Amino acid sequence: MDVIGIQLVNGLSYGLLLFMITSGLSLIFGIMGVLNLAHASLYMVGAYLALAITHYTIQNFLLALIVAPLLVGLISVLLEVFLLRPTYHLGHLSQVLLTFGLAYVIHDIVRWMWGADVQWLPLPDWLGGAVELFGQTFPLYRLVVMGIGFGVAAAMWILQEKTRWGAIVRAGLSNKEMVGGLGINIKLVFTVVFAVGGFLAGFGGVAAGPILGLFPGMEFEILILSLVILVVGGLGSILGTLIASLIIGVVDTFGKVLFPQLSLFIIFGLMAVVLIVKPTGLLGKQVHGNG
Amino acid sequence: MDKGIRWFPYFVLLAALCLIPLLFSSYVLGIASEILIFSIFALSLNVLVGYTGLVSLGHAAFFGVGAYASSLIALHFSDHLMITLAGGFIIAVIVSAVIGFFCTRVSGFYFLMLTLAFSQMIYGLVYRWGSLTGGDNGLSGIPKPRLLPSFRIDSGVSVYFLILIVFGVVLLGLNIVLRSPFGQILSGIRENEVRMKAMGYNTTLYKIYSFLIAGGLGGVAGSMYSYFNGFVSPKDVYWTLSGEVLIMVLVGGVATLIGPVLGAAFIVILKTVVGSYTDLWMLILGIVFILFVIFIPKGIAGIGSLRKKRAAGASVPLNAEN
């Protein structure tokens, strides 16, 4: 029983980390039609920037949790403006390949700057403890990550459903030409969405740093799971992405504990079933750009 | 084009390749062997990417399956060339039938994602099923293939010629298949799948055929690699290899026969040269790839104006999403 409770918390917190990364990926995919294969690389960059901040400046995890994602957001803006924007005319698939090359480049830059060994983001003492709930001890930080994750999900939902900005984004998901036609600066929308996606990915990276560790290659484990979530959850739906993230997080965590040799099969089996039964994902709707 | 002229460049190429062991050191021979193996691998992927318009990012799965299948057969059952080669091919075809069944139901990005996901699944299997595959350590001490009870293909030169023969068969075979009506149907699917469907073709079935050819030949490339190396590791199934071979195809030129060969040669030589100065070859490869996508989308084969006509279709898969 104890094991189930703890693994459930582990799985849910992992799922919420995946949500932070995938919601950005999904937004960018939905609006810009760019399947950004370098998205998880931004997650890794966020984690390593946080490592640099806590190592070389003030040892403050919370500061790193804010500053590193902002820096990643800035990097995203630069990437969008200088690399993606000049190449929109090349077509969607070219941009996928472009971001794929970018993932290679970022992978090696990180390995070059920080080495290939596994490193951990240090947690402050007050976050590193354990709490007792329902007669069981849980690692406090996992619970905090869950809280943050749900907070991000709520903020995303409010932003998308209740604000004018969200209305533009939702409109862009179904018809970006129309949004442009209405006099909205779609280029600016692209840049902002890309920056927000990068920020979220970086944020997820910092939050994951103390749990999952930092190493070149960490990004691709996450990228694969993000792609699965994208397919399972369906495009353009925050709720769908959230549900899929939680399912994948929990299934992956339990799978690794119970059937370590089969855990990847369970995940991809799940994805295959969803794709066959409902190709648009659990809550997704048919949107442009999915070929 | 006249038939003789059409075949002529291939014979010149094969004749030139036959001379390499006579003219160069064993170091160069090793690089040439590797180029030929990756040429087979890239040619197999090009059936999907270039001719059918399906961009796969999981092709290493078949390379790895072929390499592991051949090695396991050689280690536990028989090291006869025909048995290990056929085993690698058949098992790769079976695996590609399963993966292809799912992947050909979707297109565009979803195809890319699914192929990536499935290949990582195979990687996970290879990595975790340590009792069979040796896990992280891989399989070593794989016996060199035996052709007759007394004739083992064990020298660098004989392995090279084995690879060269397979390469020649694959190149000529693909030349025939892709120019046949069957190949034209694949190209038709690349250009406009809806229209092909309306004409009465079962496009999903043809996409599966294309997947089987690509997967089976990818497996053959993997088998060759295990003969060449005598060693397989999970690295040979990992997504970076899928990426590398996709880069070879795109850098060389899609929808051409010579493109993947040029791409494989370019990337293997680049890796060897860059690798002798720095271990940051992924960085270099990534930058080269980005530059190619932006500035030379038709690849090396598309640069020469002589090849203009044949490469005209080359940009199509890249822009098919528009």
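So the protein sequences, as listed, match chains A and B. Sequential numbering of the first sequence, starting at 128, is according to the working numbering. Sequential numbering of the second sequence, starting at 23, is according to the working numbering. Glycine included, every Cβ here is placed at the ideal spot set by N, Cα and C. This structure is a prediction, so every number in the text was calculated from the model and none was measured.
Rounded to whole angstroms, the separation of the alpha carbons of B/Met-143 and B/Ile-62 is 24 Å. In this structure the region 178-191 of chain A does not lie against the region 363-371 of chain A, because fewer than three pairs of beta carbons, one per stretch, are closer than 8 Å. In summary, the residues of the region 132-144 of chain B whose CB is separated from some CB of chain A by less than 8 Å are Tyr-132, Phe-133, Leu-134, Met-135, Leu-136, Leu-138, Ala-139, Phe-140, Gln-142, Met-143, in the order they occur in the chain.
Of the residues B/Gly-156, B/Leu-196, B/Val-295, the one whose Cα lies closest to the Cα of B/Thr-278 is B/Leu-196.
For the region 200-215 of chain A, residues whose beta-carbon sits nearer than 9 Å to a beta-carbon of chain B comprise Leu-210, Pro-213, Thr-214. For B/Pro-171, there is no enclosing alpha helix (DSSP H), as DSSP marks it with neither H nor E. With a cutoff of 8 Å on beta-carbon distance, B/Val-71 and B/Gly-241 are scored as not near each other. In its chain, beyond the 5 residues on either side, Gln-287 have a beta carbon closer than 7 Å to the beta carbon of A/Arg-297. At a cut-off of 4 residues, the continuous stretches assigned as alpha helix (DSSP H) that sit fully inside the region 65-115 of chain B are 82-98.
The distance from the Cβ of A/Gly-228 to that of B/Ile-312 is about 4 Å, consistent with a contact at the 8 Å cut-off. A direct Cα-to-Cα measurement between B/Ile-235 and B/Val-115 gives close to 8 Å.
If you ignore the 5 residues before and after B/Ile-280, its C-beta comes within less than 6 Å of the C-beta of Ala-323, all in its own chain and listed in chain order.
For A/His-166, not one C-beta of chain B is nearer than 8 Å to its own C-beta. At a beta-carbon threshold of 8 Å, none of the residues of chain A lie near B/Met-218; the nearest stands roughly 16 Å away.
The beta carbon of A/Val-320 sits no closer than 8 Å to any beta carbon of chain B. With respect to the 8 Å criterion, B/Phe-250 and B/Val-181 are classified as neighbours on the basis of their beta carbons.
Taking a contact as a CB-CB distance under 8 Å, the pair A/Met-171 and A/Glu-346 counts as one, their CB atoms being some 4 Å apart. Taking a cut-off of 8 Å on C-beta distances, the region 299-319 of chain B touches the region 221-240 of chain A, as three or more cross pairs fall below it. Contact of B/Val-267 with chain A by beta-carbon distance below 9 Å is absent, the smallest such distance being about 12 Å. Listed along the chain, the chain A residues whose CB falls inside 8 Å of the CB of B/Pro-319 are Leu-217, Ser-221. Relative to B/Lys-229, the option among B/Arg-217, B/Leu-239, B/Gly-238, B/Ile-211 whose CA is nearest is B/Ile-211. A distance of 8 Å or more separates the beta carbons of A/Val-400 and A/Gly-408.
Partner residues in a beta bridge of A/Pro-249, as assigned by DSSP, do not exist. Against chain A, a Cβ distance below 7 Å from B/Trp-261 picks out Phe-347. Within a 10 Å sphere around the beta-carbon of A/Ile-394 sit 16 or more other beta-carbons, which makes this residue buried. Annotation: the continuous alpha helix (DSSP H) that includes B/Leu-184 extends over 178-201. Scanning chain A for C-beta atoms nearer than 7 Å to the C-beta of B/Gly-146 yields Leu-391, reported in chain order. For A/Leu-260, the enclosing beta strand (DSSP E) starts and ends at 257-260.
With contact defined as three or more Cβ pairs closer than 8 Å, the region 106-126 of chain B and the region 50-57 of chain B are not in contact. For A/Phe-265, the uninterrupted beta strand (DSSP E) run begins and ends at 263-266, by DSSP. Annotated as proximal: B/Leu-272 and B/Gly-321, with beta-carbon spacing under 8 Å.
Rounded to whole angstroms, the gap between the alpha carbons of B/Leu-170 and B/Ile-269 is 38 Å. For B/Gly-308, the C-beta contacts it makes with chain A under 9 Å involve Phe-227, Gly-228, Leu-229, Ala-230, Tyr-231, Val-232, Ile-233, His-234, Asp-235, in order along the chain.
By the C-beta density criterion, B/Met-221 is exposed, having fewer than 16 other C-beta atoms within 10 angstroms. For A/Leu-162, the nearest beta carbon of chain B is closer than 8 Å to its own beta carbon. B/Ile-316 has a beta carbon lying within less than 8 Å of a beta carbon in chain A.
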